[in-house]
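Residue numbers (this note's numbering): 157 to 321.
Glycine included, C-beta positions come from ideal geometry on N, C-alpha and C.
Please read these numbers as outputs of a predicted model, since none were measured by experiment.
Below: the structure, in structure tokens.
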């Protein structure tokens, strides 16, 4: 009976700690389990806390992925590859990430890349053309846009620049 009370007490403490963590920032199931374990909670307690939070809809990897894809694509203007890597780092399943990215329209990604590229191109206007193209291309790749899209946009901007000059 003492063991049950202890587990119940540990569960309550773990649950409250987990809620505080999730209030501060959204976490994946794996991130939360790691934090609880680091705090000294037993694996059984960690599993119970995670299960309870999932039942209540407070902890959901699927919801976290959807919200992160939306935030990263709209607010941060990241490309698919960068979003995928950011979510993968957080311990989320590749197939769930791919499913969420499938809903990220290519037109939105193209528009984001184009807007970012135009702004960066303008800031690099004093740089020699070849270096300018290389820097812009690297910038787009670092933001997670794919090779073809980045190459296409850099090519269009450099052609437009040549036509104006």
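Query raised in the report: With a CB to CB cut of under 8 Å and the five nearest residues on each side skipped, what residues in its chain are close to residue 241?
Result: Same-chain partners within the cutoff: 300.
Requested in this report: Please determine if the stretch 275 to 290 and the stretch 230 to 246 are in contact, where contact requires at least 3 C-beta pairs separated by less than 8 Å.
Outcome: With the cut-off at 8 Å, the stretch 275 to 290 and the stretch 230 to 246 do not touch.
Query raised in the report: residue 233 to residue 268, Cα distance in whole Å?
Result: Going by the C-alpha atoms only, they are around 6 Å apart.
Report task. Ignore the nearest five residues each way along the sequence and tell me which others in residue 178's own chain have a CB closer than 8 Å to its CB. Result -> For residue 178, where only same-chain residues beyond five positions count, the Cβ hits under 8 Å are 188, 209, 214, 215.
Query raised in the report: residue 315: buried (16+ other C-beta within 10 angstroms of its C-beta) or exposed?
Result: By the 10 Å Cβ count, residue 315 comes out exposed.
Report task. With a cut-off of 8 Å on the beta carbons, I'd call residue 277 and residue 292 a contact; round off their distance for me. Result -> That belief holds up - the Cβ atoms of residue 277 and residue 292 are roughly 6 Å apart, short of 8 Å.
**Report entry** Own chain, CB closer than 7 Å to residue 264, minus 5 neighbours either side, in chain order
**Finding:** Excluding sequence neighbours, residue 264 sits near 229.
Query raised in the report: Are there 16 or more other CB atoms within 10 angstroms of the CB of residue 259, so buried, or fewer, so exposed?
Result: By the beta-carbon neighbour count (other beta carbons within 10 angstroms, threshold 16), residue 259 is exposed.
Query raised in the report: Are residue 275 and residue 310 close, meaning C-beta to C-beta below 9 Å?
Result: Contact: no.
Query raised in the report: Anyone know if the C-beta pair for residue 220 and residue 236 falls short of 9 Å?
Result: Their beta carbons are not under 9 Å apart, which means residue 220 does not touch residue 236 by this criterion.
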